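Asker: Residue numbers (the working numbering): 1 to 286.
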Amino acid sequence: MKRMLKLLTLLAALSVPFGAQAAPKADPDTLKVALLPDENAGTIIKNNQALKEYLEVTLGKKIELIVTTDYSSMIEAMRHGRLDLAYFGPLSYVLARQKSNIEPFVALKSKGSTTYQSAVIGNVEAGVNKIEDIKGKNMAYGDKASTSSHLIPKSVLAEKGLLAGSDYNEHFVGSHDAVAMAVQNGHAQAGGLSRPIFESLVERKIIDGNKVKVLEYSKPFPQYPWTMRSNLKPELKEKIRQAFLDIKDPAILKPFKADGFDVITDKHYDVVRDLGHLLKIDLSKF
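1. Compute the distance between the beta-carbons of ALA258 and LYS109, then report whether it is under 7 Å.
2. Check each candidate in GLU159, LYS99 and GLU56 and name the one with the smallest Cα separation from GLU216.
3. Going by other Cβ atoms of all chains shown within 10 Å of its Cβ, with 16 needed for buried, is GLN242 buried or exposed?
4. By the 10 Å Cβ neighbour count, where 16 or more other Cβ atoms means buried, how is TYR269 classified, buried or exposed?
5. By Cβ distance below 8 Å, which residues in the same chain neighbour ILE207 in space, the five residues on each side in sequence not counted?
6. With DSSP as the reference, label ILE44 as helix, strand or coil.
7. Hey, which unbroken runs of the beta strand (DSSP E) at 3 residues or more fall wholly within the segment 29-75?
8. Under a three-way DSSP split, which group does ARG229 fall into?
9. Check TYR269 in the structure and name its three-state DSSP category.
10. Starting from the C-beta of SER100, find all residues in its chain whose C-beta is less than 6 Å away, skip the five residues before and the five after it, and write them out in chain order.
11. Relative to the alpha-carbon of VAL212, which residue among GLY192, THR114, PHE221 and LEU162 has its alpha-carbon at the smallest distance?
12. State whether the segment 163-172 contacts the segment 80-97, with contact taken as three or more CB pairs (one from each stretch) at a distance under 8 Å.
13. With a threshold of 6 Å on Cβ separation, who are the neighbours of ALA41 within its own chain once the five nearest residues in sequence on each side are excluded?
14. Would you mind sorting ASP84 into buried or exposed? The rule is 16 or more other CB atoms within 10 Å of its CB.
15. Using the rule of at least 16 other Cβ atoms within 10 Å of the residue's Cβ for burial, across every protein chain shown, is ASP177 buried or exposed?
16. Using three-state DSSP, classify THR147 as helix, strand or coil.
17. Whose C-beta lies closer than 6 Å to the C-beta of LEU51 among residues of the same chain, with five residues either side of it excluded?
18. What residue from TYR54, ARG82 and LEU31 has the CA that sits closest to GLU64's CA?
19. From ASN123, ARG273, GLU39 and LEU236, pick the residue whose C-alpha is nearest to that of PRO28; which is it?
20. Assuming the contact rule is C-beta atoms closer than 8 Å, SER149 and SER218 should be a hit. Round their C-beta distance to whole Å, please.
21. Run through the DSSP bridge pairs and tell me what GLU103 is partnered with.
22. Among the residues of its own chain, which have a CB less than 8 Å from the CB of VAL106, if the five just before and after it don't count?
23. Grouping DSSP H, G and I as helix and E and B as strand, with all else coil, what is ASP84?
24. What did DSSP end up calling HIS187 once you bin it into helix, strand or coil?
Below you can see the structure in the form of structure tokens.
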């Protein structure tokens with residue numbers, strides 16, 4: 001009889017498809033919160049301990065902070081229901097939205113605005129003083145799925161008639177700070193990244209303003225959104241939304257280079273989808 005029970009248990013286990021997992025809970029005890037991998041993972045986790053503690057107290061739940069290896073793995077983790085909340089860049093949000101049942105609920109606000117800009121920077125010693133000087137040179141971008149360190153700066157160059165591959169060589173170096181360092185060290189003569197991140201790197205003296213200069217700022221684009229699983233319990237979703245809207249603590253806001261958060265909707269990111277069409281990039285293939 002015992003042998004029969006063991007056999008039935010084994011057969012039941014084998015009947016479960018490989019890789020199958022339980023559906024994510026609508027009201028989990030622990031919320032898995034992903035932060036955008038745009039800088040060193042250890043630094044990101046350390047800098048966001050105040051956010052973790054605030055959410056634990058406000059929501060009455062355990063919070064697990066997660067930093068994936070890159071934008072693509074973050075999108076996939078959300079697609080498979082392994083994340084409950086995620087802080088995306090505009091483009092990575094658009095890509096994740098195509099594959100996941102998620103919704104944006106707030107975007108960071110800086111200087112009273114929920115928009116931001118990218119910066120195209122150049123190596124001073126290499127004689128890159130304007131966008132046109134990038135022709136025939138190496139251009140550093142961050143992650144392929146990044147808005148501010150790929151899509152937006154690429155559109156700035158395209159508006160000047162410079163196209164990747166034919167007019168300049170593009171290189172993807174992963175993160176915003178890596179872009180700035182590549183330009184400063186001369187590994188690339190120009191690069192594109194978030195304006196707030198670049199200004200922070202200069203302020204912290206990680207980047208020397210005498211070696212790297214801003215060639216041009218982009219027009220404003222919608223800020224980075226915080227998103228959540230759409231199938232979370234409605235009461236929990238509202239509690240999460242309000243928790244972010246109520247954040248005033250500078251210790252929490254500093255890592256986001258923000259002075260608060262404001263309500264945002266999916267419609268705000270149509271301008272990012274339009275950029276993909278402008279650059280003839282099929283976003284569905286990311």
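Just so you know, even glycine gets a beta-carbon here, dropped at the ideal spot from N, CA and C.
All figures in this text were calculated on a predicted structure; none of them were measured in a lab.
Answerer: Concretely, from the data shown:
1. Residue numbering aside, residue 258 sits at position 258 when the sequence shown is read from its first letter. Residue numbering aside, residue 109 sits at position 109 when the sequence shown is read from its first letter. Taking 7 Å as the Cβ cut-off, ALA258 and LYS109 qualify as a contacting pair.
2. Here residue 216 is taken as the residue at index 216 of the sequence shown, counted from 1. Closest option to GLU216, Cα to Cα, is GLU159.
3. Numbered from 1 along the sequence shown, position 242 holds the residue referred to as residue 242. That one is exposed.
4. For this step, residue 269 is matched to residue 269 along the sequence shown. Per the 10 Å Cβ criterion, buried.
5. Here residue 207 refers to the residue found at position 207 of the sequence shown. Excluding positions up to five away in sequence, the list reads ALA180, MET181, GLN184, PHE198 and LEU201.
6. Along the sequence shown, one-based indexing puts residue 44 at 44. In this structure, ILE44 counts as helix in the three-state DSSP scheme.
7. 30-34 and 62-66
8. Indexing the sequence shown from 1 puts residue 229 at position 229. ARG229 falls in the strand class under three-state DSSP.
9. As a working note, residue 269 is residue 269 in the sequence shown. Three-state result, TYR269: helix.
10. Working through the sequence shown from its first residue, we reach residue 100 at position 100. Cβ within range, chain order: MET78 and ARG79.
11. For the purposes of this step, residue 212 is identified with residue 212 of the sequence shown, where counting begins at 1. That would be GLY192, whose Cα lies nearest to the Cα of VAL212.
12. no
13. Here residue 41 refers to the residue found at position 41 of the sequence shown. Once the five neighbours on either side are set aside, the close Cβ partners of ALA41 are VAL67.
14. As a position in the sequence shown, residue 84 is number 84, starting the count at 1. Buried.
15. Residue mapping note: residue 177 aligns to position 177 of the sequence shown, counting from 1. Classification for ASP177: buried.
16. Position 147 of the sequence shown, counting from 1, holds the residue named residue 147. Correct three-state label for THR147: helix.
17. To locate residue 51, count along the sequence shown from 1; it is residue 51. ILE252.
18. Sequence index remark: in the sequence shown, residue 64 carries index 64 (1-based). For the residues TYR54, ARG82 and LEU31, the minimum Cα distance to GLU64 belongs to LEU31.
19. Working through the sequence shown from its first residue, we reach residue 28 at position 28. When each option's Cα is compared against that of PRO28, the closest is LEU236.
20. Counting from 1 along the sequence shown, the entry for residue 149 is found at position 149. Counting from 1 along the sequence shown, the entry for residue 218 is found at position 218. Actually they are not in contact, since the Cβ atoms of SER149 and SER218 sit about 11 Å apart, beyond 8 Å.
21. Here residue 103 refers to the residue found at position 103 of the sequence shown. GLU103 is bridged to MET228.
22. Position 106 of the sequence shown, counting from 1, holds the residue named residue 106. Taken in chain order, the residues that qualify are PRO225, TRP226, ARG241, PHE244, LEU245, PHE261, ASP262, VAL263 and ILE264.
23. On the sequence shown, residue 84 is found 84 positions in, with the first residue counted as 1. The answer is coil: DSSP assigns ASP84 none of H, G, I, E or B.
24. The residue labelled residue 187 in the question sits at position 187 within the sequence shown. Reduced to three states, the DSSP call for HIS187 is coil.
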